[in-house]
Every structure is written in C-alpha cells, then in structure tokens.
Amino acid sequence: MKITVLLGSPHKKGSSNLLAEQFIRGAREAGHTVTVLDAAHMNIHPCLGCEHCGMNGPCAQKDDMGKIRDALLGADLAAFVSPVYYFGLSAQMKMVIDRFYSYTMRLSGKGLQTVLITAAWDSGEDVFHAIEVYYRKLCSYMNFQDRGMVLGGGCGTPAMTARSPHMREALELGRSLQVPRLPCGEPSGLRPEDRPV
Ligand SMILES: Cc1cc2nc3c(=O)[nH]c(=O)nc-3n(C[C@H](O)[C@H](O)[C@H](O)COP(=O)(O)O)c2cc1C
Numbered sequence: 041m042k043i044t045v046l047l048g049s050p051h052k053k054g055s056s057n058l059l060a061e062q063f064i065r066g067a068r069e070a071g072h073t074v075t076v077l078d079a080a081h082m083n084i085h086p087c088l089g090c091e092h093c094g095m096n097g098p099c100a101q102k103d104d105m106g107k108i109r110d111a112l113l114g115a116d117l118a119a120f121v122s123p124v125y126y127f128g129l130s131a132q133m134k135m136v137i138d139r140f141y142s143y144t145m146r147l148s149g150k151g152l153q154t155v156l157i158t159a160a161w162d163s164g165e166d167v168f169h170a171i172e173v174y175y176r177k178l179c180s181y182m183n184f185q186d187r188g189m190v191l192g193g194g195c196g197t198p199a200m201t202a203r204s205p206h207m208r209e210a211l212e213l214g215r216s217l218q219v220p221r222l223p224c225g226e227p228s229g230l231r232p233e234d235r236p237v
C-alpha cells in the first residue's frame, strides 16, 4: 500500500511525531511505501471559504496544499498525526483538513483508509472525546475507512512518550496493516531486490 503520513505538530521532534515514527517503522516492516509530509512546516493557509472551487475544482490559493492533495489522492492510506490542543487537533492539522474542501468529491470518492495518531499531556478518560467524535464524523462524511487510532494519553513530552505503551501501540498499528496480495499470492509490497530470483 501507499501510505501518506501528515504531521501536524510544530515540534519536529515532539511526542506525536515520535509516535508517528513508530507507526512508520511498523508500516515499512510490513512492506508498505510511506511518504511523510510535515504539514505543520509547509506553506499552508487556512481555507478562505471563497467557494471559488465549488468543492470540486481548483483552489484559489497557490500554496503547498497541492503537494498534500496529490499525495492523498495517490495514497491508499493516510495517517493524521497531531498533538491535542484544547481537546481538538492542532490548528496546523485542522487547516489541512479544511483545505480538503476544493477536492472533497475526489477525496471522498476514493475510499481512502485512514489512521489517527495523537499525543496529549493528560491521560484522563475524556481527553480524547472531542477528537474521537470529530475523527469518526470526518471518516463517515469523507467515506474514509478508519484503520485505527493511537490516542496517546500521558504523552506530554518526548521523554514521557518514549516510556509510554503508546509507542508499541503505534508500532503494532503500522505492522497490522496488511499488504494486498497479488493474484499469484506474492505480496505487492515486495521491493524488487527482495524478490526471489
Ligand atoms: C496550545 C496547547 C494546547 C494544549 N491542549 C492540551 C489539552 O487540551 N489536553 C492535553 O492533555 N494536553 C494539551 N496540551 C499538551 C500537548 O498536547 C502535549 O504536550 C503534546 O505532547 C504535544 O505534542 P507534540 O510534541 O507532538 O507537539 C496542549 C499544548 C499546547 C501547546
């Protein structure tokens, strides 16, 4: 599978990216091709709501969102990675999602598989409530197929995250993604150098 990972934290070496690294490791081990886009450090602006696109046309804004659009439209699975900010996603990640607007039809028409990876300081029961409800609603509206969530409670700093059970959880989520099999039974994710001669 082709996997696009969208990073949404201002901290390049932060907690959510640490969990994402584990997920990526697991996914690569399972034979998938992973592309990482650090959306939080790309030139991306909020949706202007100008309706120029009519939800299915070119966006009036010319920024890095085109790179994200192409990566998502070419992917089988997308990973949304974000810290928890006031019980929601980071503004950086929300901005990316709002900008789906100009290609809503194409993106929702492809049955994209998705995962959510988040990190929060607190580990109380309700920390992830709003994010979970939002993500599930987004999946249902955009016809995304949810493949799993890592809700990283108690991941307030990279040191806390590294000690948390969510590292293993993220790794296992990546490993659990199955590579589709070709009709002959050969996993399609095999690299040419791995193939038996
Ligand atoms: C603006 C802001 C809002 C935050 N809101 C929450 C919150 O609502 N609940 C929580 O548990 N942690 C909250 N945190 C803590 C972060 O989620 C936590 O430190 C996380 O590890 C940051 O992830 P990162 O290193 O990937 O950016 C907040 C931090 C900031 C800077």
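Per the numbering used here, the sequence shown starts with residue 41, numbered consecutively.
The C-beta atom is built at its ideal place from N, Cα and C for all residues, glycine as well.
Here the structure is a predicted model, which is why all the values come from computation and not from measurement.
Which same chain residues, not among the five before or five after residue 133, have their C-beta less than 8 Å away from its C-beta? Indexing the sequence shown from 1 puts residue 133 at position 93. Here the set comprises 46, 48, 79, 80, 120, 121, 122.
Quick one: Cα of residue 112 to Cα of residue 148, how far? Taking the sequence shown and counting its residues from 1, one reaches residue 112 at position 72. Taking the sequence shown and counting its residues from 1, one reaches residue 148 at position 108. Whole-angstrom Cα-Cα distance: 11 Å.
What does the alpha-carbon distance come out to for the pair residue 59 and residue 176? Sequence index remark: in the sequence shown, residue 59 carries index 19 (1-based). Sequence index remark: in the sequence shown, residue 176 carries index 136 (1-based). If you take the alpha carbons of residue 59 and residue 176, they lie about 20 Å apart.
Out of curiosity, what's the CA-to-CA distance linking residue 114 and residue 42? Against the sequence shown, residue 114 aligns to sequence position 74. Against the sequence shown, residue 42 aligns to sequence position 2. Using only the alpha carbons, I get a separation of about 8 Å.
Classify residue 183 as buried or exposed, calling it buried when 16 or more other Cβ atoms lie within 10 Å of its own Cβ. As a working mapping, residue 183 is identified with position 143 in the sequence shown. With fewer than 16 other Cβ atoms within 10 Å, it is exposed.
Go to residue 76, then tell me how far its beta strand (DSSP E) extends in each direction, as first and last residue. Position 36 of the sequence shown holds residue 76. Residues 73 to 77.
Please check the pair residue 215 and residue 117, which I expect to be a contact at CB under 8 Å, by giving their CB distance rounded to whole angstroms. Indexing the sequence shown from 1 puts residue 215 at position 175. Indexing the sequence shown from 1 puts residue 117 at position 77. No, residue 215 and residue 117 are not in contact; Cβ-Cβ is about 14 Å, not under 8 Å.
May I ask you to list the residues that DSSP assigns as paired with residue 43? Residue numbering aside, residue 43 sits at position 3 when the sequence shown is read from its first letter. Beta-bridge pairing by DSSP links residue 43 to 74, 117.
Of all the options 131, 109, 155, 126, which has the alpha carbon lying nearest to the alpha carbon of residue 142? In the sequence shown, the residue the question calls residue 142 occupies position 102. Nearest of 131, 109, 155, 126 to residue 142, Cα basis: 109.
For residue 209, collect the residues of the same chain with a Cβ closer than 7 Å to its Cβ; drop the 5 residues on either side in sequence, then sort them by chain order. Mapped onto the sequence shown, residue 209 falls at position 169. Closer than 7 Å at Cβ, skipping near neighbours: 190.
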